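Protein chains in written order, with our numbering: chain A, 302 to 698; chain B, 302 to 698.
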């Protein structure tokens with residue numbers, strides 16, 4: 302992401318200006334969008350809502366602010382009015398100081414959003430004002446307007462809502478690259494999808510069905526079993542009351558071909574042991590670290606202590622693959638990632654995938670949105686919108 | 302391999318009978334094939350040449366013996382008159398006591414051979430006498446006649462020589478599964494193939510060319526560069542005089558998509574670091590352990606000490622895969638392995654692959670054959686044949 306530094310610099314600039322903004326109370330009440338860029342005032346002078354992580358800790362550490370500043374797209378950039386943003390596990394980890402790809406606070410989080418192009422920087426020919434786009438960035442997208450490199454924007458297909466668009470990038474790219482690059486998923490194989498009702502879980506379940514006769518073991522709490530079954534899970538497992546390893550072995554004594562592991566700690570070791578010969582374990586998260594609002598040192602120590610580790614000799618004799626995936630660390634690979642997103646959007650157009658939006662929250666309720674996800678209440682994607690009222694937003698779409 | 306135990310038992314039986322065989326000198330001079338099974342003598346009484354590992358150590362530990370015993374194919378088995386056998390790194394490791402899939406000495410090594418079906422066990426309907434077959438087994442195939450389960454035999458395509466047939470299974474299955482299962486090799490990718498003039502190296506280089514525009518970095522000593530280039534290597538690297546990491550970085554600063562690593566030790570760490578994002582390291586051997594005829598404790602310690610090791614967290618942030626492959630540990634997966642071999646034989650029929658035989662050695666020169674491979678003198682496959690003279694063998698084909 303060559304625009305990363307500029308983005309960070311921009312972030313810095315607007316951060317510095319926030320002392321000038323109104324006191325907290327006023328900001329919370331401010332519901333009107335800032336004046337559009339086309340107004341008579343100096344074009345660069347805009348004010349806009351932004352969610353800012355003020356320091357590491359609990360839900361209250363992310364605050365709604367109104368920033369004022371210069372938001373002019375530079376060469377190769379576009380200005381996008383944001384309509385919906387995705388919430389991800391990395392954001393929850395980032396809030397606790399557990400995600401090193403998020404710049405230090407104060408910082409605006411947000412790795413994905415959707416919106417409308419409102420202004421073009423110099424030299425931009427592949428986007429035009431009014432384009433509906435999906436945007437990806439290392440951070441900074443939980444904001445009413447953003448400037449990003451055009452290479453970080455992707456045209457939304459016809460008929461896609463802004464919420465759907467914001468629900469796609471991180472979850473579907475993660476699932477796609479795990480399944481079809483590392484996983485090399487083929488017909489008649491079997492897979493264990495943990496947290497099958499989560500964003501990545503829903504996406505992975507749908508993508509598995511683009512391959513013939515894949516058997517999907519999916520874990521979630523029992524209350525979500527109907528939903529994940531409807532989404533395509535073959536065998537549902539309640540991880541809270543059952544030993545998922547036992548349940549899988551009962552149905553598939555030799556194990557499975559692929560395990561997607563968002564948990565870490567001892568679950569990664571279990572995953573490795575569950576693999577058939579030529580099986581692939583794909584670690585992509587450490588949700589076991591998230592046991593409460595704030596960083597839990599005991600959970601960290603336990604996860605670390607139980608951490609999966611392997612050497613070349615053990616691996617050689619196992620005929621297995623262990624893979625690590627994290628989209629956040631691919632931020633310099635926009636061409637690769639963009640190519641994957643383009644395939645995903647094709648699948649959407651063909652009706653083969655359909656993002657499931659769990660809930661939509663206005664910026665000022667970001668704490669509740671994070672709680673929804675962290676307490677594993679969601680089925681599908683948790684979405685943030687700049688508008689105060691859902692009704693407003695729906696009309697605009 | 303459900304026939305494994307029977308095979309081991311059979312091995313044991315014939316081992317026990319070897320006290321009855323003639324003294325060493327006589328055996329060495331015996332050039333005539335044993336009487337055919339159809340002779341008037343009791344059908345079960347046969348005598349046959351066999352290479353036996355008498356204990357762990359140098360080249361002289363593998364001795365030619367003439368065994369006498371009962372060699373009757375059991376239910377589901379066939380008796381095969383062996384025409385050519387493959388020599389593999391695992392056999393060299395086994396001789397030094399470094400390969401735990403080889404039963405304890407005294408034992409006949411040999412994981413692959415080709416030959417002609419000479420008798421059928423009960424219930425065998427998918428093979429007939431006279432069939433030319435490729436045979437795979439955990440061990441025991443360096444022998445003039447062998448009994449194996451039909452599921453371990455594969456019909457040779459028309460026009461394939463016995464030497465070619467014996468050169469295919471281990472090398473091509475290993476290369477195929479690494480490239481197309483773990484490696485998920487796709488057009489425009491790049492790969493580092495160490496020991497590109499070795500059996501697996503030659504096979505992998507050929508298989509890479511079934512995919513469009515793959516860039517192959519191949520290492521070997523300079524004297525073999527013409528041969529590996531002709532075989533399809535894009536960029537040859539003399540590992541004896543050059544730092545292969547530097548050479549690759551010069552041409553491909555971001556590294557490569559796949560490294561096939563037969564070396565182990567510190568080379569595995571270098572391989573991991575050479576990978577691009579989403580790259581795959583596939584470890585499939587520990588040739589660095591083989592520094593001389595006998596087990597070298599210093600080499601073992603050094604390789605162990607420098608051994609690649611990784612934990613889940615490191616992996617997660619790397620966006621890389623580390624895979625271990627060893628065909629010897631897939632011996633219970635005959636269906637999987639047989640499916641792969643069948644695809645390889647199709648590629649042979651289409652003229653897309655062509656095994657390269659480095660040299661053919663009669664059984665009594667097994668020590669020289671092993672030296673040829675261990676001292677890295679070979680280009681392609683080292684083959685053993687039961688016959689004393691190459692000329693005899695060639696006429697028979």
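Ideal Cβ positions, reconstructed from N, Cα and C, are used throughout, including at glycine.
Because the structure is a prediction, the values reported are computed rather than measured.
- Residue 574 of chain A sits in a helix when the DSSP states are folded into three classes.
- Closer than 8 angstroms to the CB of residue 485 of chain A there is at least one CB belonging to chain B.
- C-alpha of residue 484 of chain A to C-alpha of residue 583 of chain A: approximately 8 angstroms in a straight line.
- Within the segment 503 to 554 of chain A, the complete beta strand (DSSP E) runs of at least 3 residues fall at 516 to 521 and 536 to 539.
- Annotation for residue 463 of chain A: 384, 385, 415 and 698 place their beta carbon closer than 6 angstroms to its own, counting only its chain and skipping 5 residues before and after.
- Its Cα nearest to that of residue 658 of chain A, the residue A:686 stands out among A:641, A:638 and A:686.
- In this chain, the alpha helix (DSSP H) harbouring residue 473 of chain A covers 470 to 478.
- Per the DSSP secondary-structure output, residue 382 of chain A pairs in a beta bridge with A:417 and A:446.
- For the C-beta of residue 464 of chain A, not a single chain B residue is nearer than 7 angstroms; the gap to the nearest is close to 28 angstroms.
- Setting aside the 5 residues that flank it on each side, residue 675 of chain A is surrounded in the same chain by 393 and 591, each with a C-beta closer than 7 angstroms to its C-beta; the list follows chain order.
- None of the residues of the segment 533 to 545 of chain B has a beta carbon lying less than 7 angstroms from any beta carbon of chain A.
- Annotation for residue 670 of chain A: the continuous alpha helix (DSSP H) segment containing it runs 667 to 675.
- Assigned with DSSP and collapsed to three states, residue 589 of chain B falls in helix.
- The bridge partners DSSP lists for residue 605 of chain B come to none.
- Contacts between residue 608 of chain B and chain A, judged by CB atoms closer than 8 angstroms, involve 612, 613 and 614 in chain order.
- For residue 482 of chain A, no beta strand (DSSP E) segment is defined, and its DSSP state is neither H nor E.
- Taking a contact to require three or more Cβ pairs closer than 8 angstroms, the segment 490 to 498 of chain A and the segment 516 to 525 of chain A qualify as touching.
- No Cβ-Cβ contact shorter than 8 angstroms links residue 353 of chain B with residue 404 of chain B.
- Counting C-beta pairs with one atom in each stretch, the segment 416 to 433 of chain B and the segment 617 to 629 of chain B have fewer than three that are closer than 8 angstroms, which means they do not touch.
- DSSP places residue 455 of chain A in no alpha helix (DSSP H) but in the uninterrupted beta strand (DSSP E) bounded by 454 to 456.
- When A:545, A:568, A:639 and A:413 are compared, the shortest CA-CA separation from residue 605 of chain A is found for A:568.
- When C-beta atoms of the segment 538 to 547 of chain A are compared with those of the segment 654 to 670 of chain A, fewer than three pairs fall below 8 angstroms, so the two segments do not count as touching.
- DSSP places residue 395 of chain B outside any beta strand (DSSP E); the residue lies instead in the alpha helix (DSSP H), whose first and last residues are 390 to 396.
- Taking 8 angstroms as the upper bound for CB-CB distance, residue 372 of chain B and residue 347 of chain B are in contact here, some 5 angstroms apart.
- In chain order, 613, 614 and 617 make up the part of chain B whose C-beta sits under 9 angstroms from the C-beta of residue 565 of chain A.
- In the three-state DSSP reduction, residue 499 of chain A falls in the coil class, being neither helix nor strand.
- Within chain A, no residue has its CB atom less than 7 angstroms from the CB of residue 509 of chain B, the nearest being about 16 angstroms off.
- In this chain, residue 651 of chain A is not harboured by any alpha helix (DSSP H), its DSSP state being neither H nor E.
- In the three-state reduction of the DSSP assignment, residue 633 of chain A falls in the coil class, being assigned neither a helical nor a strand state.
- Residue 529 of chain B sits buried, since 16 or more C-beta atoms from the chains shown fall within 10 Å of its C-beta.
- In this model, residue 350 of chain A and residue 581 of chain B are separated by some 43 angstroms (Cα to Cα).
- Across the set A:618, A:585 and A:561, the C-alpha of A:618 shows the shortest separation from the C-alpha of residue 585 of chain B.
- Chain B has a Cβ within less than 8 angstroms of the Cβ of residue 625 of chain A.
- Residue-level contact by beta carbon holds for residue 569 of chain A and chain B, with a gap shorter than 8 angstroms.
- Counting C-beta pairs closer than 8 angstroms gives three or more between the segment 632 to 642 of chain B and the segment 467 to 481 of chain B, which meets the contact rule.
- By the CB criterion at 8 angstroms, residue 614 of chain B and residue 510 of chain A fall outside the cutoff.
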